[in-house]
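Below is one structure, written out as structure tokens; the observations come after it.
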Amino acid sequence: MTPTDIAIQTWKKDICSENWTVALEASDNLAQTGGEEIIRYLIQLLKSSSPSTRNASGLALRELKAQKALNPLLEAIFKSANYNYNGTLVYALQGLDCSTKLLEIFKILFFHSFEAKMGAYTILEEQSFKMTREDSRQLNSMWKELTGAPEKYPEFENPETRSMIRRMYEKFSR
Numbered sequence: 002m003t004p005t006d007i008a009i010q011t012w013k014k015d016i017c018s019e020n021w022t023v024a025l026e027a028s029d030n031l032a033q034t035g036g037e038e039i040i041r042y043l044i045q046l047l048k049s050s051s052p053s054t055r056n057a058s059g060l061a062l063r064e065l066k067a068q069k070a071l072n073p074l075l076e077a078i079f080k081s082a083n084y085n086y087n088g089t090l091v092y093a094l095q096g097l098d099c100s101t102k103l104l105e106i107f108k109i110l111f112f113h114s115f116e117a118k119m120g121a122y123t124i125l126e127e128q129s130f131k132m133t134r135e136d137s138r139q140l141n142s143m144w145k146e147l148t149g150a151p152e153k154y155p156e157f158e159n160p161e162t163r164s165m166i167r168r169m170y171e172k173f174s175r
């Protein structure tokens, strides 16, 4: 049995709830329903000022493996207002093919919060990437920026985090 239009409209409203349990249940229901209209709606929610709404939407898009959400997710992750509130959105990227977004994933690993770094690390560990000479040049430039002023970047002064980031950089900078 397919959900009724009334149920779908209710879930679309509920995913915007500030009650995380309600939003998450709506997210699950929308993901199970799927379809282009729902994917478009979820992508629009990534622009929400509410972290709860963005996160619930991101989780549904991850479950749907909605590849067309790749760029909108990255835009939401890099939006300055979402800084330190984007770890779940990075987690959502793990369900998508990020093979053409190597530098964007490294920007998250180098310059974002610990939770976002962990998600980026997982993506770099588990997915394959196409790397160009220009990517290599830009990666080296970002590395110099990071190591030249580590006090400016979250968690880089933590020895374990620094070691994790260095390992991933070395894996790709060969």
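Under our numbering, the first residue of the sequence shown carries the number 2, and numbering increases by one thereafter.
Quick reminder that beta carbons are idealized off the backbone N, C-alpha and C, glycines included.
None of these values were measured; they are calculated from a predicted model.
- Scanning F173, Y86 and Y92 for the CA closest to the CA of F130 turns up F173.
- Here DSSP, grouped into helix, strand and coil, assigns N20 to coil.
- The straight-line gap separating the alpha-carbon atoms of K66 and G96 is approximately 6 Å.
- Straight through space, the alpha carbons of S18 and A70 are spaced by roughly 21 Å.
- The distance from the Cβ of G88 to that of L74 is about 12 Å, inconsistent with a contact at the 8 Å cut-off.
- For Y170, the enclosing alpha helix (DSSP H) has its first and last residue at P160 to F173.
- Between A32 and A8 a beta carbon distance of about 14 Å is seen, past the 8 Å cut, so the two are scored as non-contacting.
- Residue range D6 to D15 is occupied by the alpha helix (DSSP H) that includes D6.
- Contact annotation: the stretch 153 to 168 does not touch the stretch 129 to 143, with fewer than three C-beta pairs closer than 8 Å.
- Here DSSP, grouped into helix, strand and coil, assigns E135 to helix.
- With respect to the 8 Å criterion, A117 and I106 are not classified as neighbours on the basis of their beta carbons.
- Of A27, L103, I166 and N20, the smallest CA-CA separation from W12 is found for A27.
- Membership of F157 in any alpha helix (DSSP H) is not indicated, and neither H nor E is assigned to it by DSSP.
- Beyond the five residues adjoining it in sequence on each side, P151 comes within less than 8 Å, by CB distance, of F157, E158 and R163 in the same chain, given in chain order.
- Going by beta carbons, I124 and C99 fall inside the 8 Å limit.
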